[in-house]
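Below is one structure, written out as C-alpha cells; the observations come after it.
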Amino acid sequence: MISPSDRPTASASRILVTSALPYANGPIHFGHIAGAYLPADIYVRTQRARGRDVVYICGTDEHGVAITLTAQQAGVTPREHVDRWHKVICDIFQRFDIVFDHFSRTSTDLHAANSQEFFRQLLAAGYVKPLESEQLYCARDQRFLPDRFVIGTCYQCGHPEARGDECPRCGTWIEPLRLGDPACRLCGSPPERRATRHWYLMLDKLQPELEKYIGARGHWKRNVLQFVNGLLKEGLQPRPITRDLSWGIPVPLEEAAGKVIYVWFDAPIGYITATQEWAAGMGTPQRWKDYWQNPDTRLVHFIGKDNIPFHCLTFPAMLMGQAEAWKLADDVPANEFFNLEGGKFNTSTGWYIDLDDFFSKYSTDMIRWSIARNLPETADAEFTWHDFQAKVNGELADIYGNLAHRVLTFIHRYFAGRIPAAGATSAAHEDLAVLCRESPNTVAAAVDAYRLREAAVEMMNLARAGNRYFDAAAPWKSRKEDPDLCAATLNRCVRLLETLAVISAPFIPSSARRLWVMLGRQDELEAQLWDRAGVVPDPAGRELGRAEPLFSKISADQVAAEIAALGHRAAGRHDAGTGKDKTAMNDQDKTAVSGLPALRPEITIDDFLKCDFRLGRIVDAEKVPGSKRLLKFTVDIGLDTRTILAGIQEHYDPETLVGKTVVVIANLAPRRMMGYDSQGMVLAAEVDGTLTVLTPFSEGLRPGAQLS
226 MISPSDRPTA
236 SASRILVTSA
246 LPYANGPIHF
256 GHIAGAYLPA
266 DIYVRTQRAR
276 GRDVVYICGT
286 DEHGVAITLT
296 AQQAGVTPRE
306 HVDRWHKVIC
316 DIFQRFDIVF
326 DHFSRTSTDL
336 HAANSQEFFR
346 QLLAAGYVKP
356 LESEQLYCAR
366 DQRFLPDRFV
376 IGTCYQCGHP
386 EARGDECPRC
396 GTWIEPLRLG
406 DPACRLCGSP
416 PERRATRHWY
426 LMLDKLQPEL
436 EKYIGARGHW
446 KRNVLQFVNG
456 LLKEGLQPRP
466 ITRDLSWGIP
476 VPLEEAAGKV
486 IYVWFDAPIG
496 YITATQEWAA
506 GMGTPQRWKD
516 YWQNPDTRLV
526 HFIGKDNIPF
536 HCLTFPAMLM
546 GQAEAWKLAD
556 DVPANEFFNL
566 EGGKFNTSTG
576 WYIDLDDFFS
586 KYSTDMIRWS
596 IARNLPETAD
606 AEFTWHDFQA
616 KVNGELADIY
626 GNLAHRVLTF
636 IHRYFAGRIP
646 AAGATSAAHE
656 DLAVLCRESP
666 NTVAAAVDAY
676 RLREAAVEMM
686 NLARAGNRYF
696 DAAAPWKSRK
706 EDPDLCAATL
716 NRCVRLLETL
726 AVISAPFIPS
736 SARRLWVMLG
746 RQDELEAQLW
756 DRAGVVPDPA
766 GRELGRAEPL
776 FSKISADQVA
786 AEIAALGHRA
796 AGRHDAGTGK
806 DKTAMNDQDK
816 TAVSGLPALR
826 PEITIDDFLK
836 CDFRLGRIVD
846 AEKVPGSKRL
856 LKFTVDIGLD
866 TRTILAGIQE
876 HYDPETLVGK
886 TVVVIANLAP
896 RRMMGYDSQG
906 MVLAAEVDGT
916 LTVLTPFSEG
926 LRPGAQLS
C-alpha cells in the first residue's frame, strides 16, 4: 500500500490529497470506494504522472461510540475490534489497487498527542468552552447516552431511524434532545434528561471566518456549496466535542476525568498525524510542515457527501482556532451516494457484494472501470450487474482490448513480432498524431476539474479513434496492395497504444501495465511523464511482447447468477432476522432484484377511499435551502393553492416542473419539514432508484379534478 513519493518531479507545486478515514467498524464496499477512494486514486496517479509532488494519505478512524457499541456486542475489547478491521480494510484497498503514500490509524500515541494539543490551543483561544447542558440518560443502563447510542425520529424529514448525531436520510446534523420518540440503542428504553457538563467547539464564534473562507470557494462543486451555505444560513451553534466513554482520547483536563474527545474532532487531525508519520518514514521528519503549514501547497479532501459538514466547516474551524497558521482545503470534491441495484449497500440486510467471491471471478480493473464510468459526482449513482457487464464487454473488451489485440496480433503474424517502419506520412496519419497529442491534455483537464467520469470517457475515446483508424486503413488489404502503407499504419497504431497505456494507467493500472509489456517496452510504465505521452518516438524495429487478450467478457448467464445470488443473500438475512419461511420470500426476492420495491402490507378498500387524489398544477418550484433532497412546490389544486415538499431534488431541476399537472394526495395532515408545512403529497414512481413524477394528461381536466 506504499508508493514512492520522493521520485524526481517536473513541477515544484505540492499537492496533499486525503480521503475520508474509513471507520474501523466493518468492511468497506463499492459505495465507499466510489465516494472517496477511487476518485482520489485516479487523481493522484494522474498528478504523479504529470510530475507533481503529490502525497496521498489516509488511515482508519478508530474511536467513537459505534466502535464501543459493536465491540461490546461482540464480546471483545475496542482495541481488538479496531485491530481486526484495520487489517480487513487494508486488504480491501489492496484488492482495489488503491495506493496510498501512507495509511495510518487514529489509535496511535502520536495521534492522541496531536488531538490533545489541538484541544488545548482551542481552549486557550476561547474557541472551546465547558457548558452545562441536558443530555439523554438511560436509567436502565445507568449511563449518559452519547449521540450514537440514541435513535429516534428525525425532526427535519420524519425518518424514524435517525441517529443521535445525523439523519441518514436527509443528512441533517441532529441534536439528540430534539429527536422524536428517542430510545436507548442498547436496551430500547426511553431515556430521561439529566444535566451534565461537556466541552463545546464554539462554531458560532468562528462563523465569520468560515463565511469568508467558504465565500472564496466559489469553484467548489454545487452540491458542496449548497449544503454548506445552507448550514451557514441557519447559523452555526456550539458543538459538543467530548463524550462520556472509556474508549477514545482522554480530554487533557483534570476536571474532565472519564471523558474522551469526540471522534469527529480527532478524526480529521488524523490527516496531520498520517502526514507526520509519512515524513518521518521518508527520513525527513519536518517535511510534513511543507504540506500543512505552507500556503503554496494544494490540499484536496476526497469525501462522500455525508462528510461535508465536518470537512468544510468543523475541521477548518479547528485549524483557524490554532496559534499557528494551517493550510485549509483548496478543494473538497464530495461525491453523492453510490448504491447497489436500487438499494443502499447494507451488510446487515444482505444487500451487498461478497468481495471474496467477486474477486475470484472478475479483475480489479473491471470494477475500477465500472465505478469510474459511473461515479456519483453530481447525483446518486448505483452499481448494477447489467451495467457492469456493459462497461466491461462494450468498452474494456470491445474497444480498448480489441484495439490492442488486433494491432499486436497482426504485427506478430505478418511482421514477425517486430514493429514495422513508419514510412511516408499521410493526412490520416497526421490526424491521428494530433489526436494523440491532444488526448493527454484533454484527460488531465477533466481530472483537474474532478470530472473523472468525463476523463474516463475521453481516455476511451482515444481507443475508439484507434479502432476507426485501423478499420479505415484496412491493413489486411494494404499488406498486399501497398506494404509501406500497411507498415506505416501499424507503426502509428503502436504509438497510439503507447499513449493509451500512459493515460489509461490511472483508471485501469494493471491492464495498462500488461499492455505496456505487450508493446515490448522494457522500462516502467509508472516512470513515464504524462506530458510526453502524446508524442511517442518512432518504435520501428522493437520486438513486441506476447499478445494476449486483456479482458474476458461477462456472459448473460453470469449476470443472471449474480443478481439471483444478491436476492438470495438478502432473503437469507431477512429470514435469519424474522424467522420467516424462505420459500415464502421468493416473490419478494424477485421484486427486490428487479429494482422495484416490494409490495406494501395489504389494505382494505375503505383504507384506500380515505385518500383524496386530486389533479394539481405546479405554479412554482424551488430548492429548499439547506436540504439536499427537498423541492418546495406551490400547487394549485383548484380549491386552494398550497405548499407541498417532495424529496426529489436529486432527480429534477425545479424549473422543469413548473406548469406540470401532477397527482396530489390532498387530505394528508400537514407535516413540518425544514421550516415549512407540507400540505399534501405529489405522487411519483420509483424504478431502479430513479423517481419520476406522475404527470397525467387528459383533455378537459383542470386542477381540482378528483381521481377515483
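All residue numbers for the sequence shown refer to the numbering used here, where the first residue is 226 and numbers rise by one.
Backbone N, C-alpha and C fix where the C-beta goes; we use that ideal spot for every residue, glycine too.
Just mark residue i as buried or exposed, buried being the case when its beta carbon has 16 or more other beta carbons within 10 Å.
i           : result
residue 833 : exposed
residue 655 : exposed
residue 702 : exposed
residue 440 : exposed
residue 519 : exposed
residue 804 : Low confidence applies here, because residue 804 scores a pLDDT of 41, under 50, leaving its location unreliable; read the following figure in that light. Answer is exposed; the Cβ neighbour count stays below 16.
residue 921 : exposed
residue 668 : buried
residue 271 : buried
residue 814 : At residue 814, the pLDDT of 39 sits below 50, so the modelled position is not reliable; the number obtained from the coordinates is stated separately. Its Cβ being crowded by 16 or more others within 10 Å, residue 814 is buried.
residue 526 : buried
residue 723 : buried
residue 835 : exposed
residue 918 : buried
residue 303 : buried
Could you give the residue range of the alpha helix (DSSP H) that holds residue i?
i           : result
residue 631 : 627-639
residue 710 : 708-729
residue 496 : 494-506
I need the straight-line Cα distance from residue i to residue j, nearest angstrom please.
i           : j           : result
residue 892 : residue 862 : 11 Å
residue 896 : residue 926 : 28 Å
residue 909 : residue 890 : 11 Å
residue 553 : residue 366 : 42 Å
residue 721 : residue 660 : 9 Å
residue 620 : residue 776 : 10 Å
residue 807 : residue 788 : Residue placement at residue 807 cannot be trusted, given a pLDDT of 34 that sits under 50; what the coordinates show is reported in the next sentence. Answer to the nearest angstrom: the Cα atoms are 17 Å apart.
residue 415 : residue 375 : 9 Å
residue 751 : residue 739 : 12 Å
residue 874 : residue 903 : 15 Å
residue 744 : residue 762 : 13 Å
residue 765 : residue 651 : 17 Å
residue 277 : residue 264 : 17 Å
residue 350 : residue 449 : 29 Å
residue 478 : residue 465 : 16 Å
residue 262 : residue 597 : 11 Å
residue 877 : residue 452 : 17 Å
residue 634 : residue 550 : 59 Å
residue 435 : residue 774 : 53 Å
residue 841 : residue 380 : 28 Å
residue 698 : residue 653 : 9 Å
residue 626 : residue 280 : 32 Å
residue 708 : residue 644 : 13 Å
Starting from residue i, follow the beta strand (DSSP E) in both directions and report where the run begins and ends.
i           : result
residue 848 : 838-848
residue 898 : 896-898
residue 408 : 405-409
residue 355 : 353-363
residue 423 : 417-426
residue 870 : 866-871
residue 902 : 901-903
residue 285 : 278-285
residue 453 : Note, residue 453: premise wrong, no beta strand (DSSP E); alpha helix (DSSP H) at 447-459.
residue 861 : 856-861
residue 377 : 375-378
residue 270 : Unbroken run through residue 270 is the alpha helix (DSSP H), 263-274; no beta strand (DSSP E).
For a test of your reading of the model: does the CB of residue i fall under 7 Å from any non-hydrogen atom of the ligand SAM? Yes or no.
i           : result
residue 394 : Among the components of this structure there are no ligands whatsoever, and the ligand SAM is therefore not found.
Legend entry - Validate contact between the region 585-594 and the region 723-740 using beta carbons, cut 8 Å, 3 pairs: yes
Legend entry - contact_flag[the region 309-324, the region 473-491] where n(CB pairs < 8 Å) is 3 or more: no
Legend entry - Touching by the beta-carbon criterion (3+ pairs, under 8 Å), the region 511-518 and the region 369-378: no
Legend entry - Any 3 or more C-beta pairs closer than 8 Å across the region 484-500 and the region 326-345: yes
Inset, instruction - Count the CB pairs spanning the region 528-547 and the region 456-468 that are closer than 8 Å, and state whether there are at least three. - result: yes
Inset, instruction - Count the CB pairs spanning the region 670-681 and the region 693-712 that are closer than 8 Å, and state whether there are at least three. - result: no
Legend entry - Stretch-stretch touch, CB-based, cutoff 8 Å, three pairs: the region 410-424 with the region 344-360: yes
Legend entry - Sufficient close CB pairs (3 or more, under 8 Å) joining the region 379-388 to the region 308-318: no
Inset, instruction - Identify every run of the alpha helix (DSSP H) within the region 565-626, keeping only runs that are complete inside it and at least 4 residues long; order them along the chain. - result: 580-586, 589-597 and 610-616
Legend entry - Inter-stretch contact at 8 Å, needing at least 3 Cβ pairs: the region 241-252 / the region 278-286: Cβ pair count under 8 Å is three or more, so yes.
Legend entry - Uninterrupted beta strand (DSSP E) stretches inside the region 506-547 (no shorter than 3 residues): 522-527
Inset, instruction - Scan the region 288-314 and note each continuous alpha helix (DSSP H) run of 4 residues or more that stays entirely inside, going in chain order. - result: 290-299
Inset, instruction - Answer yes if the region 605-613 comes into contact with the region 565-572, meaning at least three C-beta pairs across the two stretches below 8 Å, and no otherwise. - result: Contact between the region 565-572 and the region 605-613 is present: three or more C-beta pairs spanning the two stretches fall below 8 Å.
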